[in-house]
Amino acid sequence: MTRAEKVREETHEVVVIGAGIAGLMAATTLADRDVVVLEASDRAGGRVDTVRKGDYWINVGTQFTEGTGPLIDALHRHQVPLGTLEGKSVALSLDGKQVDTSNPFSLMFRSKMTWRDRFGLAAVGTRILANVPFLEMNPENRWAKRVRAKLDDRRADFVLRGVKSELAREMVRSWSGQWMGCEPEETAATQFVFSMGILLTDPEKVPNLTLPRGGNQTLTDILAEDLGDRIRLSSPVRTVEWTAEGVVVDFEDANGPARIRAGRAIVAVPADVAVKILPDLPPEYRSAFEAIRYGRYVVVGFFTHEEGPQQWDDFLAVSTPELSFQAVFNHAAAMRRDGVREPGGALACFAGGAEADKLFELSDEEIVARFTADLLQLYPELQGKLEPGILRRHPRVVPFWAPGGRASLATLRENIGPVHFAGDYQLDVPSLADAAASGERAALEVLSSLAGASSSNQR
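Following the numbering used here, the numbering of the sequence shown begins with 396 at its first residue and continues without gaps.
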C-alpha cells in the first residue's frame, strides 16, 4: 500500500488553521457551520498564556487587553470581569528612584539625570509627542495621512538624531524593547511613536486598557471549550493547496498523515508559517508576508508574598533600563484600589529586542537567576517573598515593519479564492483586539461567500 493510500481524508465546509485568538474568533463566528480548527501546538490560545495561583495570575504571553470591537464584545458576552487600569500609569526606575512617566516635570527633574540627559530626553519626547496627535486622528484625514506616510518611511531611531545622552538613548532602546520587542533601528516609526507617545505617557487614552480576571487566557479558554473537539491540537499543517472550488489541507496528528478537503480556509498563523505552508502564494502575497517582522521577548513571572501597600501598586508597569529586564508589569494593578490591600501579588519581568536575543543564548536557570537578582535589587523588600520564576521564551510576538514595509499590508486583507487570512498584522497597531477583529472579519467574509455559492447552486 502506498503512502498516499494511507492518508486519512475528511471533508468540512471550513478549516481554520491556527488556534490563537484570531483563529478562535474565526471558528466561533462560524460555530453554526461545519468548521474544524487545526493547531500545531498542544494548547489553544497562541501567544495568550496565563499562569494562575489563588487570587492572582500572570500573563506570561500577551500582557494586557485593550481596544474595541469583537474582543471586548466577547469578554462582555461571556461575562468575564474586567479589571480596569484607569488611573494607573507607567513609572521609570533610575538609580534607585522611581518616577511617574506621565508627569514630564517629575520625569525630568525628580529623576537622577544630568542636564545632558534631560536635554536629550526632552528632544526625544518632543519628537514623539509632536506626531502623536496625527496618529489619534481619523486615518482618512489629509494631515494624518501625510504624517503617517512620513513615519512609515523612516526608522524609529529618528528620535535619537543628535542626542548625545547615553542614558536617553538607552531609555529609548529599553522602551522599544519592552513595548515592541525590537530595536528602534529595526522598525518604522509609526508603531513606535504610537506605543511610546500613548501607552507610555498617557495610557488612559487607550480604550478598555484592562486586565481580565484570571488573565488574558480566560477568554481563550472559554472559546476553546465552546468549540470542543472541533479543535485538533498537535496537528501541524504541512501544505495548503487550493482551486476555485475549495482547499486541500495536508496535516499530521498522533495517528499520522491526514487530509482535509474544505470549501474555504482561514489561515490564522504567523507570517513565516503562512509562507511555509502556502507554497503557491502569488508573489505579491509572499512579499507582503515576508515584510512582516516579529518582536521577541523573554518573560519571567513571579508570584509574591508581600503584605501592605507597596511602591509599585499604583503602576501598571515600571521601566527598568539599567537591569537585565527592561520592564516589570504589575498584574495585580487593577486590584489595587481604595480599601484593604490584599497580601501577595504578581509581577512579570520582560526583556525584548536585542536584550532578548542575548538571553536566548542562556539556560533557563541562568535567565531566572539574573531576573530574580535584579528584581530584588529593584525592590529589596521582596527578599524572601518571591516564588520561583516562571520562564517563557517568545521568539515571535509583536509584528512590526521596517521602513516602507507596511505599504504591502493591504494585500493580505484580500483573500486568494477560497483562502482567507487573519492575524494581528492586518489592522492599524498590532494587538490582541486587532487579532480578534481580523478573525471575525475573515469568518464573516467566508459566511458571505458560502451564502453566495449556495444561491448560485440553487439557481
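For each residue, glycine too, the CB sits at the ideal point set by N, CA and C.
Assumed close pair residue i, residue j - CB separation to whole angstroms, cut-off 8 Å
{"i": "S560", "j": "L516", "result": "7 Å"}
{"i": "S714", "j": "L487", "result": "5 Å"}
{"i": "I762", "j": "L781", "result": "Not really, about 15 Å apart at Cβ, beyond 8 Å."}
{"i": "V664", "j": "F684", "result": "Incorrect: roughly 10 Å between the Cβ atoms, too far for contact."}
{"i": "A729", "j": "T699", "result": "That belief does not hold up - the Cβ atoms of A729 and T699 are roughly 16 Å apart, past 8 Å."}
{"i": "L466", "j": "A712", "result": "No, L466 and A712 are not in contact; Cβ-Cβ is about 21 Å, not under 8 Å."}
{"i": "L614", "j": "L470", "result": "6 Å"}
{"i": "K483", "j": "D709", "result": "6 Å"}
{"i": "G696", "j": "G784", "result": "7 Å"}
{"i": "A583", "j": "R549", "result": "7 Å"}
{"i": "R736", "j": "P704", "result": "5 Å"}
Opening and closing residue of the beta strand (DSSP E) in which residue i lies
{"i": "V410", "result": "R403 to I412"}
{"i": "V632", "result": "V632 to W637"}
{"i": "I811", "result": "It is not in any beta strand (DSSP E) - I811 carries neither H nor E in the DSSP assignment."}
{"i": "H789", "result": "I785 to H789"}
{"i": "S569", "result": "No beta strand (DSSP E) holds S569; the alpha helix (DSSP H) holding it covers E561 to M575."}
{"i": "E647", "result": "V642 to D648"}
{"i": "L433", "result": "V430 to L433"}
For residue i, the residue or residues it bridges with in DSSP
{"i": "G478", "result": "L606"}
{"i": "S590", "result": "Partner(s): none; S590 has no beta bridge."}
{"i": "A746", "result": "V693"}
{"i": "T445", "result": "N454"}
{"i": "L781", "result": "T699"}
{"i": "V662", "result": "I412 and F816"}
{"i": "A583", "result": "R550"}
{"i": "P652", "result": "E647"}
{"i": "R688", "result": "F795"}
{"i": "G440", "result": "G415"}
{"i": "R627", "result": "L433"}
{"i": "A657", "result": "H407 and V642"}
Run of the alpha helix (DSSP H) containing residue i, from where it starts to where it stops
{"i": "A518", "result": "W510 to L524"}
{"i": "G418", "result": "I416 to T424"}
{"i": "V763", "result": "D759 to L773"}
{"i": "S497", "result": "No alpha helix (DSSP H) contains S497, which DSSP labels as neither H nor E."}
{"i": "V668", "result": "A666 to I672"}
{"i": "K545", "result": "R537 to D547"}
{"i": "R472", "result": "P465 to R472"}
{"i": "V485", "result": "Premise fails: V485 lies in the beta strand (DSSP E), S484 to L489, not in any alpha helix (DSSP H)."}
{"i": "P794", "result": "Note, P794: premise wrong, no alpha helix (DSSP H); beta strand (DSSP E) at P794 to W796."}
{"i": "V527", "result": "V527 to E531"}
{"i": "P678", "result": "P678 to E685"}
{"i": "T615", "result": "Q612 to L622"}
Alpha-carbon to alpha-carbon, residue j and residue i
{"i": "S590", "j": "E809", "result": "27 Å"}
{"i": "G456", "j": "E405", "result": "34 Å"}
{"i": "M396", "j": "Y692", "result": "Reliability of the predicted coordinates at M396 is poor, the pLDDT of 36 falling under 50, and the value obtained from them is presented with this limitation in mind. Their Cα atoms are separated by approximately 47 Å."}
{"i": "A660", "j": "R537", "result": "37 Å"}
{"i": "W452", "j": "A727", "result": "8 Å"}
{"i": "T463", "j": "A417", "result": "15 Å"}
{"i": "V542", "j": "V824", "result": "16 Å"}
{"i": "A414", "j": "T767", "result": "33 Å"}
{"i": "Y689", "j": "V792", "result": "6 Å"}
{"i": "F459", "j": "K401", "result": "45 Å"}
{"i": "R398", "j": "S844", "result": "For R398, the predicted model reports a pLDDT of 48, less than 50, meaning its position is unreliable; a value from the coordinates is still stated below. Distance between the alpha carbons of R398 and S844 is about 34 Å."}
{"i": "L419", "j": "V432", "result": "8 Å"}
{"i": "A435", "j": "D495", "result": "42 Å"}
{"i": "Y526", "j": "E565", "result": "Strictly speaking, residue 526 in this sequence is Asn, with Tyr absent from that position. Distance between the alpha carbons of N526 and E565 is about 21 Å."}
{"i": "F529", "j": "L546", "result": "11 Å"}
{"i": "A539", "j": "T585", "result": "11 Å"}
{"i": "E408", "j": "V519", "result": "53 Å"}
{"i": "L676", "j": "T634", "result": "11 Å"}
{"i": "L477", "j": "F724", "result": "17 Å"}
{"i": "L773", "j": "A563", "result": "20 Å"}
{"i": "G658", "j": "A439", "result": "24 Å"}
{"i": "A831", "j": "C577", "result": "23 Å"}
{"i": "G623", "j": "V410", "result": "15 Å"}
{"i": "W510", "j": "D759", "result": "40 Å"}
{"i": "A802", "j": "E701", "result": "49 Å"}
{"i": "S497", "j": "H473", "result": "34 Å"}
{"i": "N603", "j": "P652", "result": "43 Å"}
{"i": "L425", "j": "R627", "result": "16 Å"}
{"i": "D512", "j": "Q721", "result": "19 Å"}
{"i": "Y680", "j": "A686", "result": "10 Å"}
{"i": "D429", "j": "P790", "result": "34 Å"}
{"i": "R522", "j": "R608", "result": "37 Å"}
{"i": "P568", "j": "S630", "result": "Contrary to the premise, residue 568 reads as Arg rather than Pro in this sequence. Looking at the two C-alpha atoms, the distance is approximately 38 Å."}
{"i": "L822", "j": "S833", "result": "8 Å"}
Below-8 Å beta-carbon distance, residue i vs any chain B residue
{"i": "G456", "result": "In the structure shown, chain B cannot be found, because there is only a single protein chain."}
Extract the residue ranges of the beta strand (DSSP E) inside the segment 708–736, only unbroken runs of 3 or more that lie entirely within it. Every beta strand (DSSP E) stretch that sits fully inside the segment 708–736 and reaches 3 residues is listed by chain position as 710–714 and 722–725.
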